[in-house]
């Protein structure tokens with residue numbers, strides 16, 4: 051009788067190698083989804099910063115002495131992956147002016163005049179094929195335009 055693998059040993063080796071390949075492919079798929087989600091989340095955070103800057107730019111264009119103040123701004127990204135809702139919650143004004151549509155707080159410290167409390171909410175467009183999982187980010191901040 052010659053020394054060699056028998057049929058049961060060959061089948062066991064094939065099953066073992068098949069299991070290793072299956073586990074490897076499963077982890078590779080998980081890593082791909084993780085990197086895609088991380089990329090989308092980072093893109094959403096950068097879009098949130100851009101939306102905040104755009105809101106501050108728009109606020110600086112308003113003349114608050116006439117009572118007009120920006121209350122809300124809606125922005126959609128150019129590739130239609132994200133949508134941002136910027137909500138101005140409160141203006142902090144030192145010169146006694148008021149806003150018609152947004153609450154104001156009178157302050158005594160002149161360098162803080164014009165500061166705004168804002169909430170920025172970024173949501174993903176789930177019908178976009180580049181978004182694997184829904185994203186929703188929310189940030190409240192105190193800004194000086």
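Numbering (my numbering), first residue to last: 51 to 195.
Where is the CB? At the ideal position from N, CA and C, for every residue including glycine.
For clarity, every value in this text was computed on a predicted model and none was experimentally measured.
- Here residue 137 is near residue 171, since their CB atoms are less than 9 Å apart.
- DSSP places residue 168 in no alpha helix (DSSP H) but in the uninterrupted beta strand (DSSP E) bounded by 165–174.
- Inter-residue distance for residue 179 and residue 72 is about 27 Å (C-alpha atoms, whole angstroms).
- In the assembly as shown, residue 102 is a buried residue. Its beta-carbon has 16 or more other beta-carbons within 10 Å.
- By the Cβ rule, the segment 159–174 counts as touching the segment 120–140, because three or more pairs are nearer than 8 Å.
- Here DSSP, grouped into helix, strand and coil, assigns residue 91 to helix.
- Annotation for residue 137: the continuous beta strand (DSSP E) segment containing it runs 132–143.
- For residue 154, the pairing in a beta bridge is given by DSSP as 141.
- Ranked by Cα distance from residue 105, the first of 123, 118 and 97 is 123.
- Taking every protein chain shown into account, the CB of residue 152 has 16 or more other CB atoms within 10 angstroms, so this residue is buried.
- Beta-bridge pairing by DSSP links residue 72 to no other residue.
- In terms of Cβ geometry, residue 91 and residue 157 do not form a close pair [threshold 9 Å].
- The secondary-structure analysis by DSSP pairs residue 147 with nothing; it has no beta-bridge partner.
- Beyond the five residues adjoining it in sequence on each side, residue 146 comes within less than 7 Å, by CB distance, of 156 in the same chain, given in chain order.
- Secondary structure note for residue 126: its beta strand (DSSP E) is the uninterrupted segment 122–126.
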